[in-house]
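In the working numbering, the protein residues as written are 940 to 1313. Here a beta-carbon is modelled for each residue, glycine too, at the ideal position from N, C-alpha and C. Just below is one structure, and these are the notes that go with it.
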Amino acid sequence: MNPYLPFTRPSIDEDTIAAVADVLRSGWLTSGPKMKQFEAELSAYFGRPTRVVNSATAALELALRLANIEPGDEVITTPLSWVATGNVILHVGARPVFVDVDPTTRNIDLSKIEAAITPRTRALMPVDLAGLPVDRDRLYAIAEKHHLRVIEDAAQSMGANWQGKLIGSTGDLASISFHPNKNMTTTEGGCLVMNNEDEARLFERYRLQGVTRYADGGMDCDVLGYKFNLTDVAACIGLGQLKHLDEFNAKRQQLARAYFACFGTNSGLGLPPADFAHSNWHMFQVRLPLAQLRITRGEIIAALHEQGIGSGVHYPAMHLFTLYRALGYTDGDFPHAEAIGRETLSLPLFPAMQRSDVERVSTVLGAILRDAAV
């Protein structure tokens, strides 16, 4: 019997495990030298000031603070994302203004953004769904034309690029996730890539109660901050992961190519864009032909599980959640996002997988779909 194949699983090498044990023995567990080292290596990687926090959600919220987004402001974003993307906008008192997605890329439809801009619009918050970058050239042309800040929700695109430029290495503010299902992990955590050291210093105060410490033991608090700091234990894992990021992403690309080869062009599935120039292949998401099936997505997920295969849904359209319906959003507002949210299924994809795993997933899913065809 085949072992259970999860939707995702991080790859942590023995050197990293040993390094974490050393941190535990050191007695310095919270933010300290490992966090500083991790920030320095990330800053060198992106070529811009980068600071870490305990989640990409925290990084997004602090990015909104750095961009001076206030109550009454509007931030344009996509409804097809993890709900944190919208929630952080609400947390700072602003209103998320959703724009439908492009049905091919599944990212925010850049051609529809300008129609959503009002006198209250202050920022654009695009999401790189599944690690496929939004067109940065078009995005920043719109932002510059309308004098808007850009907060890139690049949670899923660590190591991806746009026209050869690493995501986060150019542009405005970029938030990246190190959650366990991402291309590299710190168990929980994230970072924000910023424009300059002034933003980085303010970010440091925001992430830990607004406090500045002085060499003589004194301190001050000049902004209302949070408890968003990253531990040295987590940073130590991140240091080990960063060394393997290119290797991890290359393996993900190989696996994605294998999925395309296995499914071919007659699978009946809606396959993602075959973009091997820009994407880091954080996820491999298919669209299920539910209108031609006698079973639901939930039943397909259960059938895969019975065959020892995990899967996921990323994501239902968030404007249909109760919290966002209360803002006036309703069914039919963003038909492409709603259809993709109903039909999408994320298949197993992580560096420890082999081509035989991909073949197994495609064979089992293909059989389920054939048996359930109308």
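Residues near residue i in its chain [Cβ-Cβ closer than 6 angstroms; skip 5 each side]
i: L1232; result: A1311
i: F1187; result: N1122, P1290
i: I1240; result: S1250
i: L1184; result: G1098, M1123
i: A1082; result: L1063, V1089
i: A1276; result: P1018, L1019, D1039, V1040, A1256
i: R1152; result: M1158
Alpha-carbon spacing of residue i relative to residue j, whole angstroms
i: D993; j: E1127; result: The sequence as given places Asn at residue 993; Asp does not occur at that position. Cα to Cα, the separation comes out at about 6 angstroms.
i: C1130; j: R1146; result: 11 angstroms
i: A1002; j: G1025; result: 13 angstroms
i: N1120; j: P949; result: 7 angstroms
i: L1049; j: N1135; result: 27 angstroms
i: G1164; j: L999; result: 14 angstroms
i: Y940; j: L1286; result: Before going further, note that residue 940 is Met rather than Tyr in the sequence given. Whole-angstrom Cα-Cα distance: 20 angstroms.
i: A1189; j: L1208; result: 24 angstroms
i: F932; j: R1299; result: Outside the displayed span of the chain (940 to 1313) sits residue 932, for which this structure offers no information.
i: N1168; j: R964; result: 21 angstroms
i: T1204; j: A1216; result: 21 angstroms
i: W1101; j: G1156; result: 45 angstroms
i: R1075; j: G966; result: 44 angstroms
i: E1143; j: K1182; result: 25 angstroms
i: L1308; j: P942; result: 22 angstroms
Assigned exposure category for residue i - 16 Cβ within 10 Å defines buried
i: T986; result: In the sequence as displayed, the identity of residue 986 is Gly instead of Thr. Answer is exposed; the Cβ neighbour count stays below 16.
i: A997; result: buried
i: M1257; result: buried
i: S1325; result: The first residue shown for the chain is 940 and the last is 1313, placing residue 1325 beyond what the model contains.
i: V1150; result: exposed
i: M1158; result: exposed
i: T989; result: buried
i: V1014; result: buried
i: G1032; result: exposed
Sequence-distant residues of the same chain with beta carbon closer than 7 angstroms to residue i, five excluded per side
i: V1297; result: L1194, A1197, Y1198, C1201
i: A1093; result: D1067, I1106, G1107, A1113, S1114, I1115
i: A1099; result: D1067, G1070, P1072, I1106, H1217, S1218, N1219
Nonlocal neighbours in the same chain, by C-beta distance under 8 angstroms from residue i, ignoring five residues either side
i: Q976; result: A1174, L1178
i: I1279; result: L1019, V1040, P1042, R1045, R1226, A1256
Residues that DSSP places opposite residue i in a beta bridge
i: V992; result: G1129
i: K1166; result: L1147
i: N1100; result: L1105
i: S1116; result: G1129
Check: residue i C-beta below 7 angstroms from any heavy atom of the ligand FAD
i: L1049; result: Ligands displayed in this structure: none; no statement on the ligand FAD is therefore possible.
Residue ranges of each alpha helix (DSSP H) within the stretch 1167 to 1207, 4 or longer = You should have 1171 to 1181, 1184 to 1202.
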